[in-house]
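For reference, the structure discussed in these notes is given below.
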Amino acid sequence: MIEVIKPGFFAAVQDLGRWGYQGYGVGIAGALDAFALSAANLLVGNPEGEAGLEITLLGPTLKFHRQTLFAITGADLSPRLDGNVVSNWTCHLALPGSILSFKGVKSGVRAYLSVSGGIEVPPIMGSKSTYLLGGFGGFEGRALKSRDRLPFGPSTAEAGKLIGRVFPEKFRPPYRKNPSLRAVMGPFENFFSEEGVALFLSAEYNVTRHSDRMGYRLQGEPIRRQKAQELISCGLANGTIQVPPNGQPIILLADRQTIGGYPIIATLITADLPLIAQCAPGDRVRFAAVSLDEAREACLKLWSILKQFV
Amino acid sequence: MERQPRILAAGDQAILLEFGEEIDPAINRLVHAFARRAEQYRVPGIRELVPSYCTLLVYYDPFLLSFSETASWLRELLARSPLQIEPSFIVKEVPVLYGGPNGPDIAFVAEHNRITIEEVIRYHTSQVYLVYVVGFSPGFAAMGTVPREIQAPRLPNPRTKVAAGSVGIGGLQTGVYAVESPGGWQLIGRTPLKLFDLNKNPPSYCQPGDHVRFYPIGEKDFLKLSQESEDRIQPSEEKENIKNNSSGF
Numbered sequence: 033m034i035e036v037i038k039p040g041f042f043a044a045v046q047d048l049g050r051w052g053y054q055g056y057g058v059g060i061a062g063a064l065d066a067f068a069l070s071a072a073n074l075l076v077g078n079p080e081g082e083a084g085l086e087i088t089l090l091g092p093t094l095k096f097h098r099q100t101l102f103a104i105t106g107a108d109l110s111p112r113l114d115g116n117v118v119s120n121w122t123c124h125l126a127l128p129g130s131i132l133s134f135k136g137v138k139s140g141v142r143a144y145l146s147v148s149g150g151i152e153v154p155p156i157m158g159s160k161s162t163y164l165l166g167g168f169g170g171f172e173g174r175a176l177k178s179r180d181r182l183p184f185g186p187s188t189a190e191a192g193k194l195i196g197r198v199f200p201e202k203f204r205p206p207y208r209k210n211p212s213l214r215a216v217m218g219p220f221e222n223f224f225s226e227e228g229v230a231l232f233l234s235a236e237y238n239v240t241r242h243s244d245r246m247g248y249r250l251q252g253e254p255i256r257r258q259k260a261q262e263l264i265s266c267g268l269a270n271g272t273i274q275v276p277p278n279g280q281p282i283i284l285l286a287d288r289q290t291i292g293g294y295p296i297i298a299t300l301i302t303a304d305l306p307l308i309a310q311c312a313p314g315d316r317v318r319f320a321a322v323s324l325d326e327a328r329e330a331c332l333k334l335w336s337i338l339k340q341f342v
Numbered sequence: 116m117e118r119q120p121r122i123l124a125a126g127d128q129a130i131l132l133e134f135g136e137e138i139d140p141a142i143n144r145l146v147h148a149f150a151r152r153a154e155q156y157r158v159p160g161i162r163e164l165v166p167s168y169c170t171l172l173v174y175y176d177p178f179l180l181s182f183s184e185t186a187s188w189l190r191e192l193l194a195r196s197p198l199q200i201e202p203s204f205i206v207k208e209v210p211v212l213y214g215g216p217n218g219p220d221i222a223f224v225a226e227h228n229r230i231t232i233e234e235v236i237r238y239h240t241s242q243v244y245l246v247y248v249v250g251f252s253p254g255f256a257a258m259g260t261v262p263r264e265i266q267a268p269r270l271p272n273p274r275t276k277v278a279a280g281s282v283g284i285g286g287l288q289t290g291v292y293a294v295e296s297p298g299g300w301q302l303i304g305r306t307p308l309k310l311f312d313l314n315k316n317p318p319s320y321c322q323p324g325d326h327v328r329f330y331p332i333g334e335k336d337f338l339k340l341s342q343e344s345e346d347r348i349q350p351s352e353e354k355e356n357i358k359n360n361s362s363g364f
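Residue numbers (the numbering used here), protein chains in the order written: chain P, 33 to 342; chain G, 116 to 364.
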């Protein structure tokens with residue numbers, strides 16, 4: 033069991049999302065950097081989609097009440113175990129009573145903590161992800177607070193074999209502060225002028241501080257439309273890039289609404305979702321158009337590594 | 116079908132099937148009829164189907180399926196026999212306490228249309244509305260089309276918090292916010308019914324294809340119904356045709 037001593041900025045239980053309920057208006061939620069969570073789980077011998085903690089920027093102080101394997105992936109928030117430096121993307125052993133803390137952001141935004149057996153919270157609609165808009169899922173449907181106690185599930189992983197194992201750097205997503213993000217154009221490119229599309233593919237966009245799990249609001253030269261009307265609201269894939277009337281694009285992410293009506297100029301490719309999940313306000317992004325084949329190839333290349341890592 | 120739906124890539128793990136470009140009951144019924152068929156003939160790799168007013172978003176697992184394979188599957192389904200449109204005869208009644216602090220925008224809706232608040236209530240309760248989609252937030256049922264006399268534009272600046280149960284008008288649509296959420300519609304009243312309940316299956320009171328009738332209640336009944344905290348389905352006088360929508364929409 034983990035006890036929350038200090039909650040940090042924002043930490044919540046996430047797995048790989050709640051599928052099957054968008055028809056009731058219930059969004060998918062789940063880890064924003066699904067790759068990092070999956071890797072953290074595999075490092076401790078869990079199934080890929082086990083529930084872990086998504087930790088944002090300033091990390092919490094946590095006490096392990098039981099011996100467990102753990103791993104931290106995604107952002108580097110300078111983790112310490114009983115004051116000692118803990119390497120990221122590595123499987124470690126925590127003894128009962130040990131304290132995990134975070135000294136500050138070195139790179140990225142969201143770190144993922146996995147423990148053997150996963151975080152045990154009651155699954156709701158088949159998932160342990162925290163759904164903030166609905167106020168349910170994860171730990172009581174909210175971010176963690178001091179004195180929260182999170183049990184672990186049972187684990188049959190062979191600790192001896194796993195301790196010290198590292199997820200190789202060359203297989204991790206190429207996180208960077210100012211990434212070029214690949215996108216598949218459309219489905220409503222025709223809502224925008226040729227100049228608008230050219231601008232989208234050449235300009236640099238600032239990640240504003242109005243960026244969160246629902247979406248990242250970008251700021252830059254406005255993209256003008258050639259059709260005045262809104263779209264009739266439709267389903268929204270993860271990574272949808274929509275452009276509201278003010279011309280400033282928004283990249284929709286895990287906590288996005290199930291349907292929406294701003295015109296969609298492009299959609300981020302699956303392989304590049306981890307990159308935007310690690311961008312902070314002030315970072316700058318650019319977009320590059322790729323074909324569906326290229327997008328799929330990139331997705332398979334990144335994710336097939338996990339299948340081999342077990 | 117009048118025209119073949121457009122098959123559009125929405126990134127590398129979803130396809131948007133566009134049956135039309137407007138809010139229209141016939142198009143909407145087609146969307147839901149096709150979604151039912153797709154559920155029935157689902158293949159491995161199809162992750163979820165999300166119907167909306169005139170589109171269906173088909174999520175697929177890029178490990179198992181490519182865009183082309185998914186598009187072929189969809190074209191095959193579209194080429195089968197004409198879709199069975201199944202109009203629903205379920206009418207669900209929703210009690211509403213209109214105006215006051217529960218409906219802070221009712222005066223605007225009245226003034227915008229140069230009618231009285233009483234007339235807004237009369238028009239709003241005068242007809243049955245089709246539920247086009249349940250989405251945006253848990254249990255939010257978007258319905259249409261309201262009489263021209265009470266149509267009103269969305270708020271220029273959406274509220275960050277709309278109380279659960281709030282009844283709103285947005286353009287030519289009306290709807291109910293089942294849970295507290297941000298919202299940009301004009302709020303004209305509030306229902307005491309619990310429209311989204313995790314313990315129920317399905318968890319949302321309204322389903323696409325339902326018809327909804329609003330009726331006015333007073334403060335006393337609002338409090339009474341809030342305490343009971345149960346929803347009620349009032350079958351219409353017409354034939355009941357309750358389909359168990361196990362497909363999840």
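Every residue gets a Cβ at the ideal spot worked out from N, C-alpha and C, and that includes glycine. Since we're looking at a predicted model, the values are computed, not measured.
If you measure from the beta carbon of D127/G to each beta carbon in chain P, is any gap under 7 Å?
In the second sequence, the residue the question calls residue 127/G occupies position 12. Yes, its Cβ sits closer than 7 Å to a Cβ of chain P.
Check whether chain G comes within 7 Å of Y56/P, counting only Cβ atoms and requiring the distance to be less than that.
Here residue 56/P is taken as the residue at index 24 of the first sequence, counted from 1. Yes - at least one Cβ of chain G is within 7 Å of the one on Y56/P.
Pull up the CB-CB distance for T272/P and I291/P, whole angstroms please, since I reckon it's below 8 Å.
Numbered from 1 along the first sequence, position 240 holds the residue referred to as residue 272/P. Numbered from 1 along the first sequence, position 259 holds the residue referred to as residue 291/P. Between I291/P and T272/P the Cβ distance is about 11 Å, and since that is not below 8 Å, they are no contact.
Can you tell me whether DSSP reads I138/G as helix, strand or coil?
Counted from its first residue, the second sequence places residue 138/G at position 23. The answer is coil: DSSP assigns I138/G none of H, G, I, E or B.
What is the DSSP secondary structure of F204/G, counted as helix, strand or coil?
Taking the second sequence and counting its residues from 1, the one referred to as residue 204/G is at position 89. In this structure, F204/G counts as coil in the three-state DSSP scheme.
Is there a Cβ from chain G that is less than 7 Å from the Cβ of I283/P?
Numbered from its first residue, the first sequence carries residue 283/P at position 251. False, the Cβ-Cβ gap to chain G never drops below 7 Å.
Answer with yes or no whether the minimum CB distance from G250/G to chain P is below 7 Å.
Position 135 of the second sequence, counting from 1, holds the residue named residue 250/G. At least one chain P Cβ lies under 7 Å of G250/G.
Mapping the DSSP letters down to three states, classify P236/P as helix, strand or coil.
Here residue 236/P refers to the residue found at position 204 of the first sequence. A small fix is needed here, since residue 236/P is Glu in this sequence, not Pro. Reduced to three states, the DSSP call for E236/P is coil.
Tell me, to the nearest whole angstrom, how far the beta carbon of K95/P is from that of E35/P; I am working on the premise that it is less than 8 Å.
On the first sequence, residue 95/P is found 63 positions in, with the first residue counted as 1. On the first sequence, residue 35/P is found 3 positions in, with the first residue counted as 1. Right, the Cβ-Cβ distance comes to about 4 Å (below 8 Å), so this counts as a contact.
What residue from G52/P, R98/P, A71/P, G149/P has the CA that sits closest to A143/P's CA?
As a first step, residue 143/P is located in the first sequence; it is residue number 111 there, counting from the start. Of G52/P, R98/P, A71/P, G149/P, the residue nearest in Cα terms is A71/P.
How many angstroms separate the CA atom of V137/P from the CA atom of V165/G?
To locate residue 137/P, count along the first sequence from 1; it is residue 105. To locate residue 165/G, count along the second sequence from 1; it is residue 50. Roughly 38 Å separates the two Cα atoms.
Which one of S296/G, S167/G, Q266/G, A278/G has the shortest CA to CA distance from G286/G?
Indexing the second sequence from 1 puts residue 286/G at position 171. G286/G has its Cα closest to that of Q266/G, out of S296/G, S167/G, Q266/G, A278/G.
Per the contact definition of three or more C-beta pairs closer than 8 Å, is the stretch 250-269 of chain P in contact with the stretch 224-239 of chain P?
The answer is yes - the stretch 250-269 of chain P touches the stretch 224-239 of chain P, with three or more Cβ pairs under 8 Å.
Work out the CA separation of P323/G and L418/G for me, nearest whole Å.
Because chain G spans 116 through 364 in this model, residue 418/G falls outside it and cannot be assessed.
Is the Cβ of Q46/P closer than 7 Å to any Cβ of chain G?
Here residue 46/P is taken as the residue at index 14 of the first sequence, counted from 1. Chain G, which has no Cβ nearer than 7 Å to the Cβ of Q46/P, makes this no.
Just the chain P side, please: which residues come within less than 9 Å of E95/G by C-beta, in chain order?
Residue coverage of chain G in this structure runs from 116 to 364, which leaves residue 95/G outside it and unanswerable.
If contact is defined by three or more beta carbon pairs under 8 Å, each pair taking one atom from either stretch, is the stretch 287-304 of chain G in contact with the stretch 215-225 of chain G?
Touching, yes, given that three or more Cβ pairs across the two stretches are closer than 8 Å.
For the beta strand (DSSP E) containing G290/G, list its first residue and its last residue.
Residue mapping note: residue 290/G aligns to position 175 of the second sequence, counting from 1. Looking at the DSSP string, the run of the beta strand (DSSP E) that includes G290/G is 288-291.
What residues from chain P crowd round Y168/G, counting only those whose CB sits closer than 8 Å?
The residue given as residue 168/G occupies position 53 in the second sequence. Simply I264, S265, C266.
May I ask you to list, following chain order, the residues of the stretch 145-167 of chain P that have a beta carbon less than 9 Å from some beta carbon of chain G?
Those residues of the stretch 145-167 of chain P that come within reach of chain G (Cβ to Cβ, closer than 9 Å) are I156, M157, Y163, L165, G166, G167.
Report the rounded CA-to-CA distance for L132/G versus P120/G, giving the unit in angstroms.
Within the second sequence, the letter at position 17 stands for residue 132/G. Within the second sequence, the letter at position 5 stands for residue 120/G. Approximately 6 Å, taken between the alpha carbons.
Using a C-beta to C-beta distance shorter than 7 Å, which residues of chain G count as neighbours of G218/P?
Within the first sequence, numbered from 1, the residue matching residue 218/P stands at position 186. Those are L123, A124, listed as they occur along chain G.
Please report how far the alpha carbon of S319/G lies from the alpha carbon of D312/G, in whole angstroms.
Taking the first residue of the second sequence as position 1, residue 319/G is located at position 204. Taking the first residue of the second sequence as position 1, residue 312/G is located at position 197. Their Cα atoms are separated by approximately 6 Å.
What distance in whole Å lies between the Cβ atoms of L270/G and P140/G, which are believed to be in contact at a cut-off of 8 Å?
Position 25 of the second sequence, counting from 1, holds the residue named residue 140/G. Position 155 of the second sequence, counting from 1, holds the residue named residue 270/G. With 8 Å as the limit, P140/G and L270/G do not qualify as a contact, their Cβ atoms being about 26 Å apart.
Please state whether DSSP places D108/P in a helix, a strand or coil.
Position 76 of the first sequence, counting from 1, holds the residue named residue 108/P. Looking at D108/P - three-state DSSP - the assignment turns out to be strand.
If you scan the stretch 202-236 of chain G from start to end, which runs of the alpha helix (DSSP H) of 4 or more residues do you find wholly inside it?
The qualifying runs are 221-227.
Since F168/P and T100/P should fall inside the 8 Å C-beta cutoff, what is the C-beta to C-beta distance between them, to a whole number of angstroms?
Here residue 168/P refers to the residue found at position 136 of the first sequence. Here residue 100/P refers to the residue found at position 68 of the first sequence. Contact flag wrong, Cβ pair sits at about 26 Å.
For T93/P versus F42/P, is the C-beta distance shorter than 7 Å?
Locating residue 93/P in the first sequence gives position 61, counting from the first residue. Locating residue 42/P in the first sequence gives position 10, counting from the first residue. Not closer than 7 Å, so no.
In chain order, what residues of the same chain have a beta carbon less than 8 Å from the beta carbon of I130/G, not counting five sequence neighbours either side?
The residue you call residue 130/G lines up with position 15 of the second sequence. Counting only Cβ-Cβ distances below 8 Å, and skipping sequence neighbours, we find I122, L123, A124, L172, V173, Y175, F182, T185, A186, L189.
Identify the continuous alpha helix (DSSP H) that holds K335/G and give its terminal residues.
In the second sequence, residue 335/G corresponds to position 220, counting from 1. Run containing K335/G: 334-343, per the alpha helix (DSSP H) assignment.
Identify the contact partners of Y313/G in chain P, using a Cβ-Cβ distance below 7 Å as the criterion.
Looking up residue 313/G in the second sequence gives position 198. Looking at the sequence provided, one finds Leu at residue 313/G rather than Tyr. Within chain P, the residues near L313/G are I156, F168.
Pull out every residue of the stretch 307-330 of chain P whose Cβ sits closer than 7 Å to any Cβ of chain G, in chain order.
So the list reads L324, A327, R328, given in the order they occur along the chain.
Can you have a look at R157/G and say buried or exposed, based on whether 16 or more other CB atoms are within 10 angstroms of its CB?
For this step, residue 157/G is matched to residue 42 along the second sequence. Exposed.
What residues in its chain sit with their C-beta under 8 Å from that of V322/P, if we drop five residues either side in the sequence?
By 1-based counting over the first sequence, the position of residue 322/P is 290. Cβ within range, chain order: R214, A215, V216, I301, A330.
Enumerate, from N- to C-terminal direction, the unbroken alpha helix (DSSP H) stretches of 4 or more residues contained entirely within the stretch 122-198 of chain P.
191-194, all fully within the stretch 122-198 of chain P.
How would you list, in chain order, the residues of chain P whose beta-carbon sits under 8 Å from the beta-carbon of I138/G?
Residue mapping note: residue 138/G aligns to position 23 of the second sequence, counting from 1. Going along chain P in sequence order, the residues near I138/G (Cβ under 8 Å) are I264.
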